[in-house]
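Asks:
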């Protein structure tokens, strides 16, 4: 391909861009082709915009957004009805807009500040500067990030952040550089990246002088895509029209936006993906809003309430029509309805009354409920974040979706990751098996949870690392004696397995470190896997200290002979979850090639060199190792097997050329991958066995205790892990998920028939012993078969099991399991994990909890709740979740009750006037009833009430454990008897209606037909109406006080204040003849019957409620007493 | 106040966690129950001291029944103590009908002139003088309820307009015992704040309005009742009356047959808290008894279930 062709290609693709037009989805974009150093301005630049609005669009766009919410739209329409003259019940004033505008204003202000924050963040990103090479002037100039285009050459200095996805052209370190990917995956270790050698030699000069005039390098690469850790491309150097072969570019040459350059003075790079096409942007999960079950149920019920409202309207308008037709002649005398007037038309009359009643009853959908709920949840989330009980290393819990606070109170399934979640992800090297000799003391420490003090090693000269717990002196003494014999490392041969094993341990890894001058000093290793860290630390402790890498040369300092061994890296075949092994090909100073490989035991053992059938020694060794590994696995140690292989130069070169060719295949992913796999397998095959290692995986604090509590709270705990079955079982035992009393079933077949048989066995067992508990362990391979063929049968069994562990499952499978359980049971699920591999399941579950651990922040970022340790889950569910559930449910129930009580009285008033649609309340006071008189007390209730307060004072910031944390039984009880469900909802709703009848009857008969005033004056309908209104304000506010388990003076005063607020408004409105309620306050104030009616109303509502509540309370206590199993009073710990 | 950090601290932070007990519940309900029953009895006693006489369908007492005529009948009354309130009572009159209630103009009633559009908006369907009753078109009713003949232009905006005003109840009454007139005081029958504030006569009332809005019978009528059977105060007898055959002379203007209802006269003395209210006395006693029953239910449950019922767990 030459320049002419390139230009042609560019012109063909000219059409597709215009900055303001919506771009086609990435799947439809063409693959890219650039000329390095020439900006492709057809592709959008590096500007990133995450904000939704700008100054101009905020008002229209956000308003539209606001009215997309069904409730706002509903009230908007209601207001329009209020303006229509024939139906208006409010003199044509849209009074409902008063509370509506308040509510919309609050939510707009919130949106405004959120978007403002996004703007600020965007601006900061876009206005960072980077050095960009200008073809015109031939020098590097500072340019804003947002002005970088695809194809631009940029220079990045040490510690700077990468502005876009780039391909490295040259580095200051001879083609190597290091990056930190903390922003991407949370890993803090440094990762090496490389410039292609040809590019390195071409471009390293650019730092000093400009590019040769006739140098053209074109690059082909894939279209932008969200696949992380992947890049496919190639480049072509076109020199004086002489084309050179295509060279492959891959992920090793690729740097993502968001990383930062470390330990490297500078790099030159070409931009390949910009702005929203970068990997990090394409992977930014647009948080799918999660709604809690309570809220979803509520929304559904609102719909039913709405239907009920329509029914009421139909009833009212029908009633009126019938009543009117019957009394038409009598009414004629004082209503003066023309014979021909539309009102005499039944249909018109019906529609008119319907609209009127709709207006009058419209408020039974509580306008303030959604805002109240949102506010409450927001502050509940804050209170979790302020809670000192959640502190881990001074970091508090973080709440990302405050929507879910009550969902935490009704969790029935927990899916937990193992590594980093149940375990600390701190690996301690425990044991080494070389040939058939076992070094290291494993004891029973795996079962103990307390941190064992490091035993000081006898020989003090050894470095003691926190990743090594190796108390066996034998190996070290053996080494010392060997070195005394042989003096120097060069005298060791490949048959010295101890020497070679330690060498392998110190070399076969991808750990980064900074080269230190002083060999004896401590070295900071940056490891992406804690296992590697344990291995390398162990080797160092044994005197084989890896001291770093220089220009592809790894250096190991041998302490015993005080020499430095150097090995040149030829090839690293990295670890991944399907390969389950990594290899490194090294060349020693004699030019010999050696391949070290380490990996999962079954993988490596299957790749070993065949040996003679009669070789009993080999057979024996293999047998011993297998036996020992099995033993380790059952006590929960992680095992690895190491092997090596000497390579012939020719053999390696053949591999290398084929491997490179395979890597350069761009157009066929599958072909490339399978080809690479094949080649890798070929070179790694026929290994010689070196040694096996065992590493202990330490449990997190209090994991066992918490899991036991979760189980006794009626929560099913499933562990989904990528680990092998044996390890998982062991962790299961040590965290009390599995016990010896419970029968265990393992489904690990890898063919259909086998899985079916195993599944059948479990099914039979359940049919025979329906009451017996059982636990189920299933492997990932079996799970694939199950999900294809035996989904129903399996989940029938699995949902019966009281513990389920799934082993060797991929992230996708984790997600699938969560999804299936969620779908099949309809129960509320929670997923907890700490790693990037848990993100899928965390987003899938109803509630996702992320643990901020060593494996990075990705899980925590994607989660709804981020906590520091697994043990915090107990407080999160039993206290925060439970209390939120109790209070928020009550808040919703209360709101519907309140509005029914208020609106219901109104409806029943209809019976006294033929449902003509007459108002009962002062319309202005009526509209602010919900927002000003009755919402603050319930908000305070939902924030500060505590069932079991743990101190004498009101606390915004909690600092002690709550009694509830020690009472899984209470949680369990709420699971079996939810306080918010269909029944309780409609019970409260109907209770409101019923009490409304009482209010209506009492107030009217207290005022009519006699004169209640001692001067003999009459009362009007409004007096009865306002009596009901004041009673409702007092009743509902008092009801909140009755709901309180804990009372504070301030809250009681605020509660009273709400009522006083009503009284003041009432008084104010009574002063102006303009209002209907003119003079009413004074009249009622002086009226004895008013007080009598109020007292009666309070008693028949609140007081009778109280009797019911107390009765339930006593019966519950009584039951608890009667049950022979009084709850164990666990000590409340910090 | 375990901490001596002062009132403010107590106010904001001190909390208590009340634990209900069966004993306190029983006590609470029985005490309030007893208070209720007692209150109910007190109200009943007060009610019994209030004398209330209803003269049903008084218009039927003249024969022949003719409207817009004066008429009189005699009625035997017991001895009553002053003040005695004189009410008229209408049955089956839906003053609470929405169309009726809203058909008036507050602005006009407070003495201001209103535009035609306002009149149409608020007073529909009684807008012009011609929409009023015949007699209303030819009269001016003064504050003291005297009728002065006055012809009005049919196309002027009626003042006061609207259905409520149009249906103004215009019977008048005189009461006498053996030729001796007993005075019915007709002032102070409306709410003091209504007269002159919400209801104000226009500056040229006599020429533009058919009734003086400060006429108290009018004000009483304009305050619409909440139930279809209602009483309205017409006058006060400020002297004790003896037992005897009283003559009630009335101007029989209002025809209740138009709305298939009835008009009655009610004479009532007043207790310390207004008129007789059977509902309250019954309601208090019933609610009080229910509370006592609740208390009893708790007590029985407690006795049956033993001491652990309602005991707080330790």
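Chains as they are written, first to last, in the UniProt record's numbering: chain R, 1 to 1134; chain C, 1 to 314.
Yeah, the Cβ is synthetic: ideal placement off N, Cα and C, and Gly gets one too.
Taking Cβ positions only, does residue 101 of chain R come closer than 7 angstroms to chain C?
Replies: Judged by the 7 angstroms Cβ criterion, residue 101 of chain R is not in contact with chain C.
Asks: Report yes if the C-beta distance between residue 367 of chain R and residue 255 of chain R is below 7 angstroms; otherwise report no.
Replies: No; because the gap between Cβ atoms is not below 7 angstroms, this pair is not in contact.
Asks: Quick one: what does DSSP say residue 78 of chain C is sitting in, helix, strand or coil?
Replies: Residue 78 of chain C falls in the coil class under three-state DSSP.
Asks: Just how far apart, CA to CA, sit residue 52 of chain C and residue 268 of chain C?
Replies: Approximately 4 angstroms between the Cα atoms of the pair.
Asks: Excluding the 5 residues preceding and the 5 following residue 588 of chain R in the sequence, name in chain order all residues of the same chain whose CB lies nearer than 6 angstroms to its CB.
Replies: So the qualifying residues of the chain are 567.
Asks: What number of angstroms, rounded off, separates the C-alpha of residue 788 of chain R from the C-alpha of residue 757 of chain R?
Replies: Spanning the two alpha carbons is a distance of roughly 16 angstroms.
Asks: Within the same chain, show all residues whose beta-carbon is closer than 6 angstroms to that of residue 997 of chain R, passing over the 5 residues directly before and after it, in chain order.
Replies: Closer than 6 angstroms at Cβ, skipping near neighbours: 908.
Asks: For residue 903 of chain R, I'd like the list of residues in its chain whose CB is within less than 6 angstroms of its CB, leaving aside the five on either flank, ordered along the chain.
Replies: Answer for residue 903 of chain R: 361, 363, 364, listed in chain order.
Asks: Please list, in chain order, the residues of the segment 19 to 36 of chain C that have any C-beta partner in chain R closer than 8 angstroms.
Replies: Answer in chain order: 20, 22, 25, 29, 32, 36.
Asks: Could you compute how far the alpha carbon of residue 320 of chain R sits from the alpha carbon of residue 193 of chain C?
Replies: Near 35 angstroms, if we compare the C-alpha coordinates of residue 193 of chain C and residue 320 of chain R.
Asks: Are there 16 or more other CB atoms within 10 angstroms of the CB of residue 1030 of chain R, so buried, or fewer, so exposed?
Replies: Buried, since its Cβ has 16 or more Cβ neighbours within 10 Å.
Asks: Name the residues in the segment 1000 to 1020 of chain R whose C-beta lies less than 8 angstroms from a C-beta of chain C; which are they?
Replies: So the list reads 1002, 1004, 1005, 1006, 1007, 1008, 1009, 1010, 1011, 1012, 1013, 1014, 1015, 1016, 1017, 1018, 1019, 1020, given in the order they occur along the chain.
Asks: Just reading off the alpha helix (DSSP H) that residue 887 of chain R is part of, what are its end residues?
Replies: 882 to 909 is the span of the alpha helix (DSSP H), which, as asked, contains residue 887 of chain R.
Asks: Does DSSP put residue 108 of chain C in a helix, in a strand, or in coil?
Replies: Reduced to three states, the DSSP call for residue 108 of chain C is helix.
Asks: Please tell me whether residue 349 of chain R has its Cβ less than 7 angstroms away from any Cβ of chain A.
Replies: Considering every chain present, this structure includes no chain A. Its protein chains are R and C.
Asks: Could you give the distance in angstroms between the alpha-carbon of residue 309 of chain C and the alpha-carbon of residue 54 of chain C?
Replies: For residue 309 of chain C and residue 54 of chain C, the distance between alpha carbons rounds to 55 angstroms.
Asks: Only counting the same chain, and skipping five residues up and downstream in sequence, which positions put a Cβ closer than 8 angstroms to that of residue 99 of chain C?
Replies: Excluding residues within five positions, the ones whose Cβ falls inside 8 angstroms are 163.
Asks: Between residue 176 of chain C and chain R, is there a C-beta pair that is closer than 7 angstroms?
Replies: With 7 angstroms as the cut-off, residue 176 of chain C does not count as an interface residue toward chain R.
Asks: DSSP on residue 699 of chain R, reduced to helix/strand/coil?
Replies: It is a strand residue.
Asks: Measuring CB to CB, does residue 598 of chain R end up less than 7 angstroms from residue 565 of chain R?
Replies: Not a contact, by the Cβ cut-off of 7 angstroms.
Asks: Chain C partners of residue 913 of chain R, CB-CB under 8 angstroms?
Replies: In chain order: 94, 96, 97, 98, 228.
Asks: Rounded to whole angstroms, what is the Cα-Cα separation between residue 678 of chain R and residue 520 of chain R?
Replies: Spanning the two alpha carbons is a distance of roughly 42 angstroms.
Asks: Can you tell me where the alpha helix (DSSP H) with residue 313 of chain R in it begins and where it stops?
Replies: 293 to 335 is the extent of the alpha helix (DSSP H) around residue 313 of chain R.
Asks: Helix or strand or just coil, what does DSSP make of residue 1 of chain C?
Replies: Below a pLDDT of 50, predicted positions are generally treated as unreliable, and residue 1 of chain C, at 39, falls in that range; no measurement from the model is reported.
Asks: Do residue 248 of chain C and residue 177 of chain C have their beta-carbon atoms positioned less than 7 angstroms apart in this structure?
Replies: In this structure, residue 248 of chain C does not lie closer than 7 angstroms to residue 177 of chain C by Cβ.
Asks: Should residue 176 of chain R be labelled buried (16 or more other beta-carbon atoms within 10 Å of its own) or exposed?
Replies: Buried, because 16 or more other Cβ atoms sit within 10 Å of the Cβ of residue 176 of chain R.
Asks: Verify the CB distance criterion: does residue 936 of chain R have a CB-CB separation below 7 angstroms to chain C?
Replies: For residue 936 of chain R, the answer is no, since every Cβ of chain C falls outside 7 angstroms of its Cβ.
Asks: Across which residues does DSSP place residue 639 of chain R in a beta bridge pair?
Replies: Beta-bridge pairing links residue 639 of chain R to R:694.
Asks: With DSSP collapsed to three states, give me the class of residue 187 of chain C.
Replies: In the structure shown, residue 187 of chain C sits in coil (DSSP, three-state: anything other than H, G, I, E or B).
Asks: Under 8 angstroms Cβ-Cβ, which residues of chain C neighbour residue 78 of chain R?
Replies: Result: empty, since nearest Cβ-Cβ is about 18 angstroms, beyond 8 angstroms.
Asks: So, for residue 492 of chain R: in the same chain, excluding its five sequence neighbours on each side, which residues have a beta-carbon less than 7 angstroms away from its beta-carbon?
Replies: Once the five neighbours on either side are set aside, the close Cβ partners of residue 492 of chain R are 486, 499.
Asks: Run through DSSP, which three-state label would residue 529 of chain R get?
Replies: In this structure, residue 529 of chain R counts as coil in the three-state DSSP scheme.
Asks: Quick check: the Cα distance between residue 1014 of chain R and residue 128 of chain C, rounded to an integer number of angstroms?
Replies: If you take the alpha carbons of residue 1014 of chain R and residue 128 of chain C, they lie about 39 angstroms apart.
Asks: Give a yes or no on whether the minimum CB-CB distance between residue 968 of chain R and chain C is below 7 angstroms.
Replies: Chain C, which has no Cβ nearer than 7 angstroms to the Cβ of residue 968 of chain R, makes this no.
Asks: Please list the partners that residue 1083 of chain R has in chain C, where partner means a Cβ-to-Cβ separation under 9 angstroms.
Replies: What residue 1083 of chain R touches in chain C: 191, 193.
Asks: Return the first residue and the last residue of the beta strand (DSSP E) that residue 1027 of chain R is part of.
Replies: Unbroken run through residue 1027 of chain R is the alpha helix (DSSP H), 1021 to 1043; no beta strand (DSSP E).
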